[in-house]
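Trainee: If you scroll down you'll find the structure; I have some questions about it.
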Amino acid sequence: MVKQAISLLGAGSWGTALAMVLAENGHQVTLWTHRQNQADEINQAHTNAAYLKEASLPKDIVATSDLEAAVKGAQVIGFVVPTNAIRGVADQVAAILQAEDSKADSPLIFHAAKGLELETHERVSVILEDSFKDLAIQGPVVLSGPSHAEEVARRDITGITAACQDLKAAEALQELFMNAYFRVYTNDDVVGVELGGALKNIIALCSGALAGLGFGDNAKAILMTRGLAEITRLGVALGADPFTFAGLSGIGDLIVTCTSPFSRNWQAGYQIGQGKSVSEVLDHMGMIVEGVHTTKSAYELAQSVGIEMPITQTTYQVLYDHKDLRKLVEDLMKRQGKQEVGLDRLALEQSLAKQARLND
């Protein structure tokens, strides 16, 4: 494998875990944070205690709070900041690259965010395409899937998806990350992979809330199953391949996020289920809970394309209309009975036809 100069923008738990994988694979890794004290800790103590308490970082990871220094000369640039910070950071990076005297040849751009921009409801790859429209780049590639940072940092077996319409770019990212414990699959369905990663956060919030109310495994099962149906319906309406949601970035991410205390979204939902207010929970957690903003975006997107998403609507009513959670769960269960149809059959037929053409 050819060693690369890689800049990761965002030194939270996930950005740090990805930096550990890449450094272990022998790449030259720069980790950007906007906090100088965090950069000092990473460089001097080789820890990032606020985000990965027990992790010892490879000594060759270099952290900086200077964005220009972080991206100059980088062959690969990864965005691992919260979704609503992506546009601002990407615009700054694009300006830096445009101003360089000797630009790197077509840097590979990827992101590992799992959300939708609050104001525009845009997917992150669309934001990056807009920011870098005047530059020659590879990608953007989306990296998504069931991947708790804490487990990656301790080298637990993990599998995720790298998606890009240009499969060569996805394969390039795949090669950078693959090792004995971190497996990467490629996909060309960017819409499906991004929506799977973003929308499952809504269901994870609900999973935590049901646990907080005292419900058990039966409730979790119906939530995850019908939640996947909602995700798929909206995804197909927005151009995704329904089969993508049966993969790592869909049901895989849904399983891990809805069943683990590592999940911020699950934790936030649990506290809401215990009776705390949304603002109280978010203030206490001190970290971004992507599912809160994604709920609003998904609810408004569903309305705009005429897709029924009762679980998402219920979550919106709890988070934004401040309605009673237990009463809403009861109302959700007492809706008119209907036939179970998980996926859009026409979309499935179209997807099968596409797969048949690819296999010819």
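Heads up: the sequence shown is residues -19 to -1, 1 to 341, going by mature numbering (1 follows the signal peptide of the UniProt record, and there is no 0).
Even glycine gets a Cβ: it sits at the ideal position worked out from N, Cα and C.
Where do the N-terminal and C-terminal ends of the alpha helix (DSSP H) with T64 fall, by residue?
Mentor: Here the alpha helix (DSSP H) through T64 covers T64 to A80.
Trainee: Do I141 and G126 have their beta-carbon atoms positioned less than 7 Å apart in this structure?
Mentor: It is a contact, given that the beta carbons lie within the stated cut-off.
Trainee: Does I138 pass the burial test, meaning 16 or more other C-beta atoms within 10 Å, or should it be called exposed?
Mentor: Exposed, since its Cβ has fewer than 16 Cβ neighbours within 10 Å.
Trainee: On the DSSP letters alone, give me the boundaries of the alpha helix (DSSP H) that H274 sits inside.
Mentor: Here the alpha helix (DSSP H) through H274 covers E271 to V286.
Trainee: Buried or exposed for R316, going by 16 or more other Cβ atoms inside 10 Å?
Mentor: It counts as exposed.
Trainee: With distances taken from CA atoms, which of R245, I269, A44 and I58 is nearest S(-13)?
Mentor: Among R245, I269, A44 and I58, the Cα nearest to that of S(-13) is on I58.
Trainee: By the DSSP assignment, the alpha helix (DSSP H) with I212 in it spans what residues?
Mentor: Element bounds for I212: D198 to A218.
Trainee: If you compare alpha carbons, which of E321, V237 and D47 is closest to Q73?
Mentor: Out of E321, V237 and D47, D47 has the C-alpha closest to the C-alpha of Q73.
Trainee: Considering only residues of the same chain and omitting the five flanking positions on each side of S83, which have a CB-CB separation below 8 Å?
Mentor: Model confidence at S83 stands at a pLDDT of 47, short of 50, so the residue's coordinates are unreliable; what they give is reported in the following sentence. There are no such residues.
Trainee: Which residues does DSSP pair with Y166 in a beta bridge?
Mentor: For Y166, which the question treats as bridged, DSSP gives the partners T142.
Trainee: Just list the alpha helix (DSSP H) runs in the region 19 to 63, keeping only unbroken ones of 4 residues or longer that don't cross its boundaries, in chain order.
Mentor: Counting whole runs of 4 or more residues, the region 19 to 63 contains the alpha helix (DSSP H) stretches 48 to 52.
Trainee: Which one of F243, C187 and C145 has the shortest CA to CA distance from V310?
Mentor: Here the closest residue by C-alpha is C187.
Trainee: Does L157 come out as helix, strand or coil in the three-state DSSP assignment?
Mentor: In the structure shown, L157 sits in a helix (DSSP, three-state: H, G or I).
Trainee: If T101 and E271 are in contact, beta carbons under 8 Å, what's the gap, nearest whole angstrom?
Mentor: The pair is not a contact, with the Cβ atoms about 15 Å apart (cut-off 8 Å).
Trainee: In terms of DSSP beta bridges, what is F91 paired with?
Mentor: According to DSSP, which records beta bridges pairwise, F91 is partnered with G59 and V122.
Trainee: Between the C-alpha atoms of F163 and T45, what's the straight-line distance to the nearest angstrom?
Mentor: Using only the alpha carbons, I get a separation of about 26 Å.
Trainee: Short check: CB of A143 to CB of A151, under 7 Å?
Mentor: Taking 7 Å as the Cβ cut-off, A143 and A151 qualify as a contacting pair.
Trainee: Could you have a look at T11 and say whether DSSP puts it in helix, strand or coil?
Mentor: Three-state DSSP puts T11 in a strand.
Trainee: Between the region 214 to 229 and the region 168 to 187, do at least 3 Cβ pairs fall closer than 8 Å?
Mentor: Touching, yes, given that three or more Cβ pairs across the two stretches are closer than 8 Å.
Trainee: With DSSP run on the structure shown, which of helix, strand or coil describes R135?
Mentor: If DSSP states are grouped into helix, strand and coil, R135 belongs with coil.
Trainee: Is it true that the region 199 to 219 meets the region 275 to 294, where meeting means three or more beta-carbon pairs spaced less than 8 Å apart?
Mentor: With the cut-off at 8 Å, the region 199 to 219 and the region 275 to 294 touch.
Trainee: Take A55 and list the residues in its own chain whose beta-carbon comes closer than 8 Å to its own, dropping the five residues that flank it on each side.
Mentor: If we look at A55 and ignore the five residues flanking it on each side, its Cβ neighbours are A(-15), I(-14), S(-13), T11, A85 and P88.
Trainee: If you run the structure through DSSP and keep just helix, strand and coil, what is R16?
Mentor: Correct three-state label for R16: coil.
Trainee: Just verifying my parser: in three-state terms, what is the DSSP assignment at R245?
Mentor: Of the three classes helix, strand and coil, the one that applies to R245 here is helix, per DSSP.
Trainee: Beta-carbon of A71 versus every beta-carbon of chain D: anything under 7 Å?
Mentor: Here there is only one protein chain, and chain D is not present.
Trainee: Measure the CB-CB distance between L313 and T295 and report whether it falls below 7 Å.
Mentor: Result yes, Cβ atoms of L313 and T295 sit closer than 7 Å.
Trainee: Does the region 187 to 201 come into contact with the region 230 to 246, if we say contact requires no fewer than three beta-carbon pairs (one atom in each stretch) closer than 8 Å?
Mentor: Result yes; three or more Cβ-Cβ pairs closer than 8 Å.
Trainee: Quick check on S83: does DSSP put it in helix, strand or coil?
Mentor: The predicted position of S83 is uncertain, since its pLDDT is 47 and thus under 50; a value taken from the coordinates is nonetheless stated next. Coil at S83, not helix or strand.
Trainee: If distances are taken between C-alpha atoms only, which option among T276, E98, K181 and L300 comes closest to G256?
Mentor: The candidate whose alpha carbon is nearest that of G256 is L300.
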